[in-house]
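Take the sequence shown: its letters are residues 1 to 362, numbered as in full-length UniProt numbering.
Using N, Cα and C, we set each Cβ at its ideal position, and we do this for glycine too.
Since the model is a prediction, treat every value here as computed from it, not as a measurement.
Taking it in order: structure first as structure tokens, then the write-up.
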Amino acid sequence: MLKLQLPQYFWPICVLSTLIARQTTTATSSSSDYLVGRNKSIYNPCRLSDSQLLEYSNLSDGQHLLEAIKNIAIPRVVGTSNHSIVRQYIEQSLRDLDWHVELDSFHDKAPIKGTLHFSNIIATLNPQADRYLVLACHYDSKYMPDVEFVGATDSAVPCAILLNVAKVLQQQLLPLHNSKLSLMLIFFDGEEAFDQWGPKDSIYGARHLAQLWQEQGKLDRIDMLVLLDLLGAPDPNFYSFFSNTESWYMRLLDLETRLGQRHLLERYVSSGVAKREPRRYFQPQGMYISRVEDDHVPFLQRNVPVLHLIPMPFPSVWHTPDDNESVIDYATTNNLALIIRLFILEYMCDDDQARNERKIPH
């Protein structure tokens, strides 16, 4: 990826324009602030009660999360046998949980490697739904000649978290098999550059899928794209990057706060590197306008709302051989998985009409 020589108070990220930090709005924004989709429709989600928060916090499967990470955290460069193994593992894991799985497969030319076969994995609970909350990550690992690069945070852990969501919330998500609003998981292929990060050597899968769905008219069915990347290391700091999804970011911050107040999160781990509010992942500041080039960009360019969950600064092991299982802090990983699960449950407990249509099962 492109690195810029920046002043000390800036962080090296792929592409950075003006960075503006400001306090976000309060977590009690009015319902009119909750906008979704390219048409900016108003959507009023519910807020989990204290009893629901406690009940759903007890839903977890740490062993499944660990096993998923171990199955994905192997070198998995596009075009290799390991890449196929990981793709098949993700596909089968979701099919076993009764998800509808499709592949968006295509060929593209890549520097060094030549023509490669890419496959985005798209999983839905209801393929006929009118609207989707989309959670996404990438499952390929970076090509590094003569180096065994595992990419545990980049992005085996995000992939495992999404699979864990499907596993842990299997019963709670049952109504979404028939509802107009449903859940979609995307595992992008070819996020990493093979030579030097650029518009034609990066985010191969995301570029292809965004263009395809634009042509097919499917982008209007996306409420919001929530992209996970570089997760698993201790002491992550998250910020709101886009004003149109700030109210949704504040939901994550609110959930973390409520869980912390009720001692429902595992111990916080600090690397001592990042300046942060003590005992908090989701920081009460926004960064406008920052630009981290990632799989969300082709969708953002087509006016799809984006919530980008990527830590700032990046983990210190980013794009080094040290990004392996040894850097994963499982307390942090379990906490983030819990917050994301609860975010999904709140999102799917929507306005009055939908609440009459279905309740979140216990």
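Between the beta-carbon of A73 and that of A129 there is about 32 Å, and that puts the pair past the 8 Å contact cut. H208 carries a helical assignment under DSSP once its states are collapsed to helix, strand and coil. Residue S316 holds the alpha-carbon nearest to the alpha-carbon of V327 among L307, S316, L219. In the same chain as I340, and ignoring 5 residues on each side of it, the C-beta atoms closer than 7 Å to its own belong to I161, V165, in chain order.
For L103, the number of other beta carbons within 10 angstroms of its own is below 16, and it is reported as exposed.
Restricting attention to L212, T80, Y89, the CA atom closest to the CA of E67 is found in Y89. Beyond the five residues adjoining it in sequence on each side, K40 comes within less than 8 Å, by CB distance, of N244 in the same chain, given in chain order. By a beta-carbon distance limit of 8 Å, L309 does not contact D223. Their separation comes to about 16 Å. Taking D96 as reference, the option from T80, Q170, V86 with the minimal CA-CA separation is Q170. V78 carries a coil assignment under DSSP once its states are collapsed to helix, strand and coil.
Measuring C-alpha to C-alpha distances from K167 to each of P145, L125, L255 identifies L125 as the nearest. Put simply, of R279, L265, F187, E346 the residue whose alpha carbon is nearest the alpha carbon of P236 is R279. The alpha-carbon of P75 is positioned some 5 Å away from that of V150. If one requires a minimum length of 4 residues, the alpha helix (DSSP H) runs lying completely within the segment 245 to 328 are 246 to 261, 297 to 300, in chain order.
Below 8 Å, too few C-beta pairs join the segment 43 to 58 and the segment 137 to 144 to call them touching: fewer than three. Residue environment for S49: exposed (fewer than 16 other C-beta atoms within 10 angstroms of its C-beta).
Counting of Cβ neighbours within 10 angstroms places S240 among the buried residues, the total reaching 16 or more. Secondary structure of E102 (DSSP, three-state): strand.
Taking 8 Å as the upper bound for CB-CB distance, L181 and M348 are in contact here, some 7 Å apart. The Cβ atoms of L259 and L345 do not sit closer than 9 Å to each other.
DSSP lists L181 as the beta-bridge partner residues of R131. Non-local beta-carbon contacts of F282 in its own chain, meaning distances under 6 Å to residues more than five positions away in sequence, involve F238, L252, L253, E256 in chain order. Here the alpha carbon of L185 sits roughly 17 Å from the alpha carbon of V36.
Here DSSP, grouped into helix, strand and coil, assigns M224 to strand. For the pair L65 and A337, the CB atoms are nearer than the 9 Å cut-off. L135 has its alpha-carbon roughly 15 Å from the corresponding atom of H100.
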